[in-house]
Amino acid sequence: MRLMALIVMLFALLATPAHAADVGFEEIKIANGAESPLTAGVWYPSDATASPHALGDVNQTVALDAPVAGHGLPLVLISHGGGGWYGSHYDTALALAHAGFVVAAVSHAGDTFDDQSRVLQLWRRPAQLHRLLDYMLDDWRWHERLDAGRVGAFGFSNGGFTVLVAAGGIPTLSKIAPYCEAHPEHDLCTALKQAGVDLHSIPEVSASAWVHDPRIKALVVAAPAFGFSFDRAGLSSVRAPIQLWRAADDRHQPHPYYEEAVRADLPEVPEYRVVPDAGHYDFLPPCDTRLSRKMPDICNSLPGFDRAAFHERFNADVVQFFQATLR
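Written as structure tokens, this is what we have:
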């Protein structure tokens, strides 16, 4: 009888699905030349037990500062939108980490929710992303667990612009003034006017000032800002596979001057996704009731649009894309 009980127990154990790995998380500081260190968040597979922890205004279920699980892990960098921070896309980061990716997101100094002093110094962002990648591959405490040949990047809005530059794109900032003269009612242009920015004082940046990183092998680009500043020549060196997303009801970045401008001039046809009824900020995670009251412009979707259901599909598609392109 004892032998029979052991056999039954063994079969029960074999029939039980393996417990999915939890996600570890840590905040890191990265040297940034003469400036203050950059702050970044890192999500990664871990066998440690996860529990709820605050991340800004939200909670995420992670194991803080836990050991990483696995070897030869692919890495995805995240670049947030204007006025965001490293936690802006935490749900996408969690989905990728649960799927076996290490994810590193930097707060872009000078273009965060608490410091927008250098928003139009757009060349700073790709340089910061480059520093993040250097740190992750060379100095992160678990860097030997990473596969340096499998690096991707995800970017939203200003972050979409950032990862396009990182992958080889060269924008022309002098296009901003004529764009706003032709479309003064567009959000970008009204914001610049309210900020007192002289459009003709925006400096043109030499091609050498834009930092590229050939280690990045695949991109997910959602609602890229300043899409009209690129052209066919400026995107000619962007050869990495791209999943490009557009919100069909994006009133912040009106069609066809952003995603469509990028899609039309990429040398390789991207995987192009248009999300019906979605607005610009629907690429950010769903908000709870408290956060919706605090930030209604960012949190509230069009009536009938289910942001939570969309993010389930969106995150799954992002994971599948990086699984296919970072093999």
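When the letters of the sequence shown are read in order and numbered with mature numbering (1 follows the signal peptide of the UniProt record, and there is no 0), they come out as residues -20 to -1, 1 to 307.
All C-beta atoms in this analysis are idealised placements derived from N, C-alpha and C, irrespective of residue type, glycine included.
In this structure, the beta-carbon distance from S209 to P250 does not fall below 7 Å. Classified as buried, T72 has 16 or more neighbouring CB atoms from the shown chains inside 10 Å of its CB. Residue burial is scored here from C-beta neighbours: E239 has at least 16 other C-beta atoms within 10 angstroms and is therefore classed as buried. The DSSP assignment places complete beta strand (DSSP E) segments of no fewer than 3 residues inside the stretch 118 to 144 at 126 to 136, in order along the chain. Rounded to the nearest angstrom, the Cβ distance from L215 to E184 is 18 Å, too far for a contact under 8 Å. With distances taken between CA atoms, L35 lies nearest to G21 out of G21, A46, S26, A28. Proximity to A133 across V143, G52, S16 peaks at V143, based on C-alpha coordinates. Ranking V145, D94, L112, V131 by CA distance to the CA of L102 puts V145 first.
Counting C-beta pairs with one atom in each stretch, the stretch 46 to 54 and the stretch 257 to 269 have fewer than three that are closer than 8 Å, which means they do not touch.
In the three-state scheme derived from DSSP, where H, G and I count as helix and E and B as strand, I10 is classed as strand.
Distance from P247 to R130 at the Cβ level is roughly 22 Å; contact not present, criterion being Cβ atoms closer than 8 Å.
Each of D230, R253, A107, H69 was checked against the Cα of Q223, and the nearest Cα belongs to R253. Sequence-distant partners of R243 (beyond 5 residues in either direction) whose C-beta falls short of 7 Å from its own C-beta, in its chain, are L224, P250, Y252. Look at F93 here: in three-state DSSP terms it is coil, with no helix or strand label. Of the candidates T19, E15, S16, A43, A43 places its Cα closest to the Cα of A28.
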